[in-house]
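Q: Take this structure, written in structure tokens, and hold onto it; I'll ask about it next.
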Amino acid sequence: MLNVLLLLGGLAPALPAGPHWEYEGPHGQQHWPEGHPACGGRAQSPIDIATGRARLDPALPPLQPQGYDHPETPRFTLANNGHTAVLALPPSLQLQGLPGAFAAAQLHFHWGRPGHAAGAEHLLDGHRAPAEMHVVHFDAERFSDAGEAQHHAGGLAVLGVLLEVGADPHPAYDNILRHLGSIRYAGQSTSIPSFNVQNLLPQRLDRYYRYNGSLTTPPCFQSVLWTLFPEPVHISRDQLEQLQGSLYSTEEAEAEPQLLVDNFRAPQELNQRPVLVSFPREPEGYSTGEVIAIIFGAVAGCVGLFLAVHFGAKRMRSRRAQAQDVVFKASSRRSPGDSGISR
6 MLNVLLLLGG LAPALPAGPH WEYEGPHGQQ HWPEGHPACG GRAQSPIDIA
56 TGRARLDPAL PPLQPQGYDH PETPRFTLAN NGHTAVLALP PSLQLQGLPG
106 AFAAAQLHFH WGRPGHAAGA EHLLDGHRAP AEMHVVHFDA ERFSDAGEAQ
156 HHAGGLAVLG VLLEVGADPH PAYDNILRHL GSIRYAGQST SIPSFNVQNL
206 LPQRLDRYYR YNGSLTTPPC FQSVLWTLFP EPVHISRDQL EQLQGSLYST
256 EEAEAEPQLL VDNFRAPQEL NQRPVLVSFP REPEGYSTGE VIAIIFGAVA
306 GCVGLFLAVH FGAKRMRSRR AQAQDVVFKA SSRRSPGDSG ISR
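Once you know that position 86 of the sequence shown is 91 in my numbering, the rest is easy, because the numbers rise by one and skip nothing.
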């Protein structure tokens, strides 16, 4: 199982998976296609999603995790593979709402460096969040594990969860982050208590972007059905700094340890691939709350205008009636022969 983890999602070269690779330097991402030809393909990930160009598909169903809240194992394995922190997940965690029955394999993270606010892989309208979590699933109807599934189109389904900084620590993420000190160096792993994995996901699992892409690290196989949630999950700044500054990309025995930072790939060309969206686009520049406020304000304005016109007309009728009453009383005081002209 650990071998499969090392091959997926950041995942690394401790096995005969092709030439050595890094994010920067002589083996950096611009050189990946030299040793891993699929990395030069036309359906690569991540991408910068232009939200205004995404095509609405109302038929996209809400995602429904099964078994996420009660994993059938008392403990998980957390590992540092030199490229990221990987949490192995049991295949009893299933995901409905995809074209087939998909089982979980693992989750892992991408982040930047201390003092920097960008580290996610996917972008939304050019914005890069501080970090991103990927939850990797494989098509359990067709394949026995993720290692086999990654070689076939649609064999993998990955959830992308954007992490932003909020005021408070996130308790579900603390279940992972507080154990990073036990896997500081590449090749180290530890056993941690299992927990409710669904709490790592956003609340709205019916709102997402969907496209066909690839693994974001070598071997970059173009076998991934991507689901990216626009609603971020908020972790505290201390938690982000834990992610940015706890791990090394080198083994413990090496004389010059290298901090594991900036483990994200640059956005790739879309190359005419459609990006679908499961929810209607909001008006440009407004959040959902702002749209509601605008609608409420418009309705209130209409009601106010109606009341102003109503009471204005009522006052005019009252004044007209008073004027007519004055004229009637004045005329009634005149004699029948009086023309009202002085001599």
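Virtual Cβ for every residue (Gly too), placed ideally from N, Cα, C.
So what does DSSP say about R118, is it helix, strand or coil?
A: coil
Q: Sorted by chain position, which residues of the same chain lie with C-beta nearer than 8 angstroms to R80's C-beta, five sequence neighbours on each side aside?
A: S196, I197, P198, S199
Q: Mapping the DSSP letters down to three states, classify N70 as helix, strand or coil.
A: Sequence check: residue 70 is Pro here, not Asn. P70 sits in a strand when the DSSP states are folded into three classes.
Q: How many Å lie between P285 and L112 at the Cα?
A: 29 angstroms
Q: Which ranges would you report for the beta strand (DSSP E) in the segment 117-152 if only whole runs of at least 3 residues count?
A: Taking only runs of at least 3 residues, the beta strand (DSSP E) segments lying wholly in the segment 117-152 are 136-144.
Q: Any idea what DSSP makes of R242, helix, strand or coil?
A: helix
Q: With distance defined between alpha-carbon atoms, name the residue in P262, C44, S219 nearest to A154.
A: S219
Q: Which same chain residues, not among the five before or five after I188, have their C-beta less than 8 angstroms away from its C-beta?
A: L83, A84, N85, A90, S194, T195, L252
Q: The alpha helix (DSSP H) with N180 in it runs from where to where?
A: 176-182
Q: Pick helix, strand or coil for R189, following the three-state DSSP scheme.
A: coil
Q: In this structure, how does DSSP classify L374 when only helix, strand and coil are distinguished?
A: Because the chain spans 6 through 348 in this model, residue 374 falls outside it and cannot be assessed.
Q: From G46 to Q227, what distance separates their C-alpha atoms?
A: 8 angstroms
Q: Excluding the 5 residues flanking F269 on each side, which residues of the same chain have their C-beta closer than 6 angstroms to its C-beta?
A: H115, G124, E126
Q: What are the boundary residues of the beta strand (DSSP E) that includes G165?
A: 161-171
Q: Looking only at its own chain, which residues have a Cβ that is under 7 angstroms from the Cβ of P31, when we skip the five neighbours before and after it?
A: none
Q: DSSP three-state call for G40: helix, strand or coil?
A: helix
Q: For P24, which residues from the same chain have a beta carbon less than 6 angstroms from its beta carbon, with the 5 sequence-adjacent residues on both sides left out?
A: G40
Q: What is the DSSP secondary structure of H113, reduced to helix, strand or coil?
A: strand
Q: Pairing CB atoms from the segment 174-193 with CB atoms from the segment 45-64, are three or more of them under 8 angstroms?
A: no
Q: Just the C-alpha distance for Q247 and L182, rounded to the nearest angstrom, thanks.
A: Between Q247 and L182, the C-alpha separation is close to 7 angstroms.
Q: For the beta strand (DSSP E) that V266 lies in, which residues bound it at each end?
A: Careful: V266 lies outside any beta strand (DSSP E) and carries neither H nor E.
Q: Taking contact to mean 3 or more Cβ pairs, one atom from each stretch, closer than 8 angstroms, check whether the segment 97-104 and the segment 260-275 are in contact.
A: no
Q: Bridge partners for G218 per DSSP, in chain order?
A: According to DSSP, G218 bridges with V229.
Q: From C44 to W37, what does the alpha carbon distance come to, in whole angstroms?
A: 6 angstroms
Q: Just verifying my parser: in three-state terms, what is the DSSP assignment at V91?
A: In the structure shown, V91 sits in a strand (DSSP, three-state: E or B).
Q: L252 bridges to which residues according to DSSP?
A: According to DSSP, L252 bridges with nothing at all.
Q: Report yes if the C-beta distance between G131 and D144 is below 8 angstroms; otherwise report no.
A: no
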